[in-house]
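Quick mapping for you: the protein sequence lines, in order, are chains X and H. So the mapping is simple: this note's numbering equals the position in the first sequence, first residue as 1, plus 4. So the mapping is simple: this note's numbering equals the position in the second sequence, first residue as 1, plus 1202. Virtual Cβ for every residue (Gly too), placed ideally from N, Cα, C. Computed from a prediction, not measured in an experiment: that's the story for all the values here. Worksheet for the structure shown next.
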Amino acid sequence: MSELNMKERQAGDVTVLDMDGKITIGEGSVALRSAVRRLVKEDKKKVLLNLAGVSYIDSSGIGELVSSYTAIEGKGGGQLKLLNLTQKLQDLLTITKLLTVFDVYENEADALNGFK
Amino acid sequence: MPSRIESVEEAATVAEKLAQRSGLNPEAAYGVDMAIREAVGNAVVHGNKRNESKTVTIVMISSPGALEIEVSDQGSGFDPASVPDPTEGDNVLKTSGRGIFFMRTFMDEVNWFPNAGGGTTVRMNKHS
């Protein structure tokens, strides 16, 4: 079984990735990187990462979130938002000062409304 | 342990058991888990450059209320002072460079030493 499982769905023009597992050095980080690269290639410009099922993340996983952010937001009009962070992930983003970089939501309706 | 990513999970599994044996509280045990994953990941990727002919040596000493961990690589050496603060300025948006920061954040004490025969050892302590 993969370290990180992802299910993709559309909510209007927003692509939602429901993630379940760990985003850590190796398989988990690679899976996220591959998924985001594919979305960029498919010209998906509004992406919501639902992290409710992500039980664990390390520095490599944090790096992949940053990489995802720059890949999506670096496109003209691209927007990446995060949904349903665990308390531990929120703490990690706080100490790394990334919580002010990412647009973070606690419920999906608010997150979807947050896309322009 | 061999210089491959799978060693990270194996080391973390042993550390979890020893953290329990030491009686570390859940928050301290989480810190140990974070730190050993970063230390072994660094040894495999940055120290030994994923060269499987090189090994990562891990020593864990469990005592009541405390756990000491040493992770040694066979790399070309490492100066922790050369690693920029990932929370400063433009570094915040870098895609790497947070492992050392996490180790220092989650452990009570972290020190690096050059090995006599080459490579680097990081020694970390956590108390409950």
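- The C-beta distance from residue 55(X) to residue 89(X) rounds to 6 Å, short enough to meet the 8 Å contact threshold.
- Listed along chain H are 1294, each with a C-beta nearer than 7 Å to that of residue 102(X).
- Residues of the same chain with a CB within less than 8 Å of the CB of residue 73(X), apart from the 5 flanking positions on each side, are 84, 105 and 106 in chain order.
- The C-alpha of residue 1210(H) lies about 5 Å from the C-alpha of residue 1239(H).
- A direct Cα-Cα distance of roughly 28 Å separates residue 1220(H) from residue 1299(H).
- For the region 1259-1284 of chain H, the set of positions with a beta-carbon nearer than 7 Å to some beta-carbon of chain X is empty.
- When C-alpha distances from residue 111(X) are compared across 94(X), 99(X) and 87(X), the shortest belongs to 87(X).
- Of all residues in the region 1229-1249 of chain H, the ones placed with a Cβ closer than 8 Å to any Cβ belonging to chain X are 1232, 1236, 1239, 1240, 1243 and 1247, in chain order.
- Assignment of residue 12(X) by DSSP, reduced to helix, strand and coil, places it in the strand class.
- Where residue 1278(H) is concerned, there is no enclosing alpha helix (DSSP H), because DSSP gives it neither an H nor an E.
- Taking CB atoms only, residue 1298(H) has a neighbour in chain X less than 9 Å away.
- Between the alpha carbons of residue 23(X) and residue 39(X) lies a gap of roughly 11 Å.
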